[in-house]
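J.: Structure below; questions to follow.
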Amino acid sequence: MQNLVVAIIVLTACRHVLRRYLPKSLKRRMATAVAAWCRDRGWRGMAVRLQPTEQVSAATGCDSCSACAGAEAKGKDKKGNQAIQTISVDSLKRSLRR
Numbered sequence: 001m002q003n004l005v006v007a008i009i010v011l012t013a014c015r016h017v018l019r020r021y022l023p024k025s026l027k028r029r030m031a032t033a034v035a036a037w038c039r040d041r042g043w044r045g046m047a048v049r050l051q052p053t054e055q056v057s058a059a060t061g062c063d064s065c066s067a068c069a070g071a072e073a074k075g076k077d078k079k080g081n082q083a084i085q086t087i088s089v090d091s092l093k094r095s096l097r098r
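For the sequence shown, the residue numbers in our numbering are 1 to 98.
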C-alpha cells in the first residue's frame with residue numbers, strides 16, 4: 001500500500017513538472033499522440049478531452065504566446081531611444097540580505 005502511495009505522489013509530481021516546463025509544441029504533440037491512442041481503443045470522450053484546441057499560426061509556426069512580440073522594441077523607451085536601466089545601491093543591499 002505504501003508503494004502505491006509513493007508511486008502516485010511521484011507520478012503527480014512528474015506530471016506537474018512536465019506540464020509546467022515542457023514547450024507548448026511538445027505538449028501539443030504528446031496530447032495529440034495520446035488522443036490518437038485513446039481514439040484507437042474506442043475511448044472517444046477521452047480523446048476529445050485530450051485533443052489540443054490551440055492552433056499554431058501557419059505563417060510563423062509559432063504559438064499564440066506572444067513572447068517574441070515587440071522583441072525589436074525591447075530595451076527602448078517610448079521615443080525609440082535606447083533605455084538606460086539603473087539600480088540603486090540600497091536595492092542591491094536589500095537583495096543581498098535575502
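The beta carbon of each residue, even a glycine, is placed where N, CA and C say it ideally should be.
So, using beta-carbon positions, are alanine 36 and proline 52 closer together than 8 Å?
T.: The answer is no: Cβ separation not under 8 Å.
J.: Specify, as a first and last residue, the run of the alpha helix (DSSP H) that glutamine 85 falls within.
T.: No alpha helix (DSSP H) holds glutamine 85; DSSP gives it neither H nor E.
J.: Suppose the cutoff is 7 Å on Cβ atoms and the five residues either side in sequence are ignored; what does the same chain contact list for threonine 50 look like?
T.: Residue 50 is actually leucine in this sequence, not threonine. Same-chain partners within the cutoff: Ala31, Val34, Ala35 and Cys38.
J.: Please report how far the alpha carbon of histidine 16 lies from the alpha carbon of arginine 28, in whole angstroms.
T.: Spanning the two alpha carbons is a distance of roughly 16 Å.
J.: In its own chain, which residues sit with a C-beta less than 6 Å from the C-beta of valine 10, not counting the 5 before and 5 after it?
T.: The answer is none, since no qualifying residue turns up.
J.: Kindly provide the ranges of any beta strand (DSSP E) runs that are 3 or more residues long and lie completely inside the segment 11 to 40, ordered along the chain.
T.: List check, beta strand (DSSP E) in window: nothing returned.
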